[in-house]
Amino acid sequence: MKLQRMNRRALTLGALAVSGALALTACGSDDTGGTNGGGSSAPAGNNSAIKCDDAKGQLQASGSSAQKNAIDAWMKAYTAACKDVQINYNPTGSGAGVTAFTQGQTAFAGSDSPLKPEEATAAKKVCAGNNAIDLPMVGGPIAIGYNVDGVDNLVLDAATLAKIFDGKIKTWDDKAIAALNPDAKLPSTKIQAFHRSDESGTTDNFTKYLKAVAPSDWTYSGGKAWQAKGGQSAQGSAGLAQQVKQTSGAISYFELSYAADGIKTVDLKTDAATPVKASVENATKAIATAKVAGTGNDLALELNYKPTAEGAYPLTLVTYEILCEKGNKADTLAATKSFLTYIASEDGQKQLTAAQYAPIPDEIITKVRTAVSNLS
2 MKLQRMNRRA
12 LTLGALAVSG
22 ALALTACGSD
32 DTGGTNGGGS
42 SAPAGNNSAI
52 KCDDAKGQLQ
62 ASGSSAQKNA
72 IDAWMKAYTA
82 ACKDVQINYN
92 PTGSGAGVTA
102 FTQGQTAFAG
112 SDSPLKPEEA
122 TAAKKVCAGN
132 NAIDLPMVGG
142 PIAIGYNVDG
152 VDNLVLDAAT
162 LAKIFDGKIK
172 TWDDKAIAAL
182 NPDAKLPSTK
192 IQAFHRSDES
202 GTTDNFTKYL
212 KAVAPSDWTY
222 SGGKAWQAKG
232 GQSAQGSAGL
242 AQQVKQTSGA
252 ISYFELSYAA
262 DGIKTVDLKT
272 DAATPVKASV
282 ENATKAIATA
292 KVAGTGNDLA
302 LELNYKPTAE
312 GAYPLTLVTY
322 EILCEKGNKA
332 DTLAATKSFL
342 TYIASEDGQK
352 QLTAAQYAPI
362 PDEIITKVRT
372 AVSNLS
């Protein structure tokens, strides 16, 4: 996952100011087509601070389905102000998004994991010999959604989750689950564990959490591709959420914004006294302990999957926009800079809380703004 860590700087991220959130409903087009944000004739309204500059034409991007609901909100506001720009974001998954970028098919990629060394090397070919950089734009919790009749509250820990997703715990009345939920009436229903079929940064972060917290129970090396045997699969976050919603006994992992429309989520047992709910507020307590792992304008973060603060939700991710620091294509540079300037702005970051995402802390987003302004 990590780029060079020379001169690693430990940086305590400030607490994120978040308010009550209204979830956007995930749509079924998450994995089958692009999102078209162009051509809007809507007035700019209170988005007059958006600077279109010389931005025009089509902007192609793809990758993380985790950020799709955030991208939708950003594009709606941006294209209302910048009518000469058409943005197409295809939520193909982090792995496919990075591949498309390194093959020169898109202006930027969305990924829930920063570039690996081999990906950074491949990116140099489309960046005219220059480096690609990871710019964190949105954070939030990875929720564990489940569908078990009669169980409205469920507590699990990392070791039990590892055994569930590795096929070692097979029914919902297993003694390990019962021990964590003594007051629940657990049925003997078969567990239907769903994982991503596509390469995914969400999978990468989920399995990093399992490996960090329960290494004896999750022995796989991790990465964007699912490695454990068994289970069932679906494409994209929306695909997993749909399977949980419609399948009795199902359990899966996806960003909190996809746990809309009645999907119940697991409370995680940590070293703290009380199990922690998946919420933006609780995730920010964990994200605030991340470290900057990149150098220069590369702002890749190392997340802390074992936070000690009471109420810190440990299973989180940060989504990056990945693009060339220098050597961007001339026909998309203006639109890229204009759009990313907006989403990194105070107004752009304010869009996130309404979609159950966490804004990036001031200390980091300020550096992101500088990096975007220097794109060439």
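For the sequence shown, this note's numbering gives the first residue as 2, with consecutive numbering after it.
From the three backbone atoms N, C-alpha and C, an ideal C-beta is built for every residue, glycine too.
From ILE264 to SER280, what does the alpha carbon distance come to, in whole angstroms?
Numbered from 1 along the sequence shown, position 263 holds the residue referred to as residue 264. Numbered from 1 along the sequence shown, position 279 holds the residue referred to as residue 280. Near 14 Å, if we compare the C-alpha coordinates of SER280 and ILE264.
For a test of the three-state rule: what should DSSP assign to ILE134, helix, strand or coil?
Walking along the sequence shown from the start, residue 134 turns up at place 133. Here ILE134 sits in strand by DSSP.
Within the continuous beta strand (DSSP E) that includes GLY64, where are the two ends?
On the sequence shown, position 63 is the one that residue 64 refers to. Start and end: 58-64.
Expressed to the nearest angstrom, what Euclidean distance is found between the alpha-carbon atoms of SER222 and GLY202?
Position 221 of the sequence shown, counted from the start, is the residue given in the question as residue 222. Position 201 of the sequence shown, counted from the start, is the residue given in the question as residue 202. About 14 Å.
Can you look up ALA251 in the DSSP assignment and give me helix, strand or coil?
Counting from 1 along the sequence shown, the entry for residue 251 is found at position 250. Three-state result, ALA251: strand.
Let me know if ALA43 comes out buried or exposed under the rule of 16 or more other beta-carbons within 10 Å of its beta-carbon.
Within the sequence shown, residue 43 is the residue found at index 42, counting from 1. With a pLDDT of 33 at ALA43, under the threshold of 50, the predicted position of this residue should be treated as unreliable, and no value is reported.
If you run the structure through DSSP and keep just helix, strand and coil, what is VAL293?
The residue labelled residue 293 in the question sits at position 292 within the sequence shown. Here VAL293 sits in strand by DSSP.
If I measure Cβ to Cβ from ALA160 and keep anything under 6 Å in the same chain, skipping five residues before and after, which residues do I get?
Residue mapping note: residue 160 aligns to position 159 of the sequence shown, counting from 1. Excluding sequence neighbours, ALA160 sits near ALA215, ASP218.
Specify the secondary structure class of LEU376 as computed by DSSP and reduced to three states.
Indexing the sequence shown from 1 puts residue 376 at position 375. Residue state, collapsed to three classes: coil.
Go to SER112, then tell me how far its beta strand (DSSP E) extends in each direction, as first and last residue.
The residue labelled residue 112 in the question sits at position 111 within the sequence shown. Taken as a continuous stretch (DSSP letters only), the beta strand (DSSP E) holding SER112 covers 109-112.
According to DSSP, which residues form a beta bridge with LYS191?
Start at 1 with the first residue of the sequence shown, and residue 191 comes out as number 190. According to DSSP, LYS191 bridges with THR172.
Can you tell me whether DSSP reads PHE88 as helix, strand or coil?
Residue mapping note: residue 88 aligns to position 87 of the sequence shown, counting from 1. The sequence given here places Ile at residue 88; Phe does not occur at that position. Here ILE88 sits in strand by DSSP.
Candidates ASN154, GLY237, THR100, SER374: which alpha carbon is nearest SER345's?
Residue 345 sits at position 344 when you count from the first residue of the sequence shown. Strictly speaking, residue 345 in this sequence is Ala, with Ser absent from that position. Ranking ASN154, GLY237, THR100, SER374 by Cα distance to ALA345 puts SER374 first.
Could you pull the start and end residues of the beta strand (DSSP E) that GLN233 belongs to?
Walking along the sequence shown from the start, residue 233 turns up at place 232. That run of the beta strand (DSSP E) goes 233-235.
Thinking just about the alpha-carbon of each residue, which of PHE340, ALA121, GLN236 is nearest to the one in ALA62?
Counted from its first residue, the sequence shown places residue 62 at position 61. The shortest C-alpha separation from ALA62 is found at PHE340.
How is the beta strand (DSSP E) around VAL277 delimited, first residue to last?
Your numbering for residue 277 matches position 276 in the sequence shown. Premise fails: VAL277 is in no beta strand (DSSP E) and is neither H nor E.
Could you please give me the residues that DSSP links to THR320 through a beta bridge?
What you label residue 320 is simply residue 319 of the sequence shown in a count that begins at 1. Answer is VAL139.
Is the stretch 94-104 in contact with the stretch 286-300, if contact means three or more CB pairs nearer than 8 Å?
Not touching, per the Cβ criterion.
The alpha helix (DSSP H) spanning ILE344 covers which residue range?
Residue 344 sits at position 343 when you count from the first residue of the sequence shown. It spans 331-345 - the alpha helix (DSSP H) in which ILE344 sits, taken as one unbroken run.
Quickly, what does DSSP pair VAL156 with across the bridge? List them, please.
For the purposes of this step, residue 156 is identified with residue 155 of the sequence shown, where counting begins at 1. ASP268, per the DSSP bridge assignment.
What distance in whole Å lies between the Cβ atoms of ALA359 and GLY64, which are believed to be in contact at a cut-off of 8 Å?
One-based indexing of the sequence shown puts residue 64 at position 63. One-based indexing of the sequence shown puts residue 359 at position 358. Contact flag wrong, Cβ pair sits at about 19 Å.
Quick one: is CYS53 near chain C, going by C-beta distance under 9 Å?
Absent from the structure is chain C; it holds one protein chain and no more.
Which class does TYR259 belong to by DSSP, given the choice of helix, strand or coil?
Numbered from its first residue, the sequence shown carries residue 259 at position 258. Helix, per DSSP.
Using three-state DSSP, classify TYR147 as helix, strand or coil.
Residue 147 sits at position 146 when you count from the first residue of the sequence shown. Strand at TYR147.
Which partner residues of ARG197 appear in the DSSP bridge assignment?
On the sequence shown, position 196 is the one that residue 197 refers to. Its beta-bridge partners are ALA235.
Return the chain-ordered list of same chain residues with a C-beta closer than 6 Å to the C-beta of ALA144, the five sequence neighbours on each side being excluded.
On the sequence shown, residue 144 is found 143 positions in, with the first residue counted as 1. If we look at ALA144 and ignore the five residues flanking it on each side, its Cβ neighbours are LEU257, ALA260, THR266, ALA279.
Going by C-alpha distance, which of SER377, THR172, GLY94, ALA82 is nearest SER198?
Within the sequence shown, numbered from 1, the residue matching residue 198 stands at position 197. For SER198, the nearest C-alpha among the options comes from GLY94.
For the alpha helix (DSSP H) that contains TYR210, what are its first and last residues?
Position 209 of the sequence shown, counting from 1, holds the residue named residue 210. Counting along the chain, the alpha helix (DSSP H) containing TYR210 begins and ends at 202-214.
Hey, how far is the Cα of THR36 from the Cα of ALA274?
The residue you call residue 36 lines up with position 35 of the sequence shown. The residue you call residue 274 lines up with position 273 of the sequence shown. Unreliable placement is indicated for THR36, whose pLDDT of 49 sits below 50; the coordinate value is still reported in the next sentence. Each residue's Cα considered, the two are about 43 Å apart.
If ILE361 and MET138 are in contact, beta carbons under 8 Å, what's the gap, nearest whole angstrom?
Residue 361 sits at position 360 when you count from the first residue of the sequence shown. Residue 138 sits at position 137 when you count from the first residue of the sequence shown. Yes, ILE361 and MET138 are in contact; Cβ-Cβ is about 6 Å, under 8 Å.
How long is the line joining the alpha carbons of GLY312 and LYS57, rounded to whole angstroms?
Start at 1 with the first residue of the sequence shown, and residue 312 comes out as number 311. Start at 1 with the first residue of the sequence shown, and residue 57 comes out as number 56. Those two C-alpha atoms are separated by around 45 Å.
How would you write the range of the alpha helix (DSSP H) that PRO118 sits in, first residue to last?
Along the sequence shown, one-based indexing puts residue 118 at 117. Taken as a continuous stretch (DSSP letters only), the alpha helix (DSSP H) holding PRO118 covers 118-124.
What residue range does the alpha helix (DSSP H) around ASP73 cover?
In the sequence shown, counting from the first residue as 1, residue 73 sits at position 72. ASP73 -> alpha helix (DSSP H) spans 69-82.
So, for ILE378: in the same chain, excluding its five sequence neighbours on each side, which residues have a beta-carbon less than 6 Å away from its beta-carbon?
No information on residue 378 is available, as it lies outside the stretch 2 to 377 that the chain covers here.
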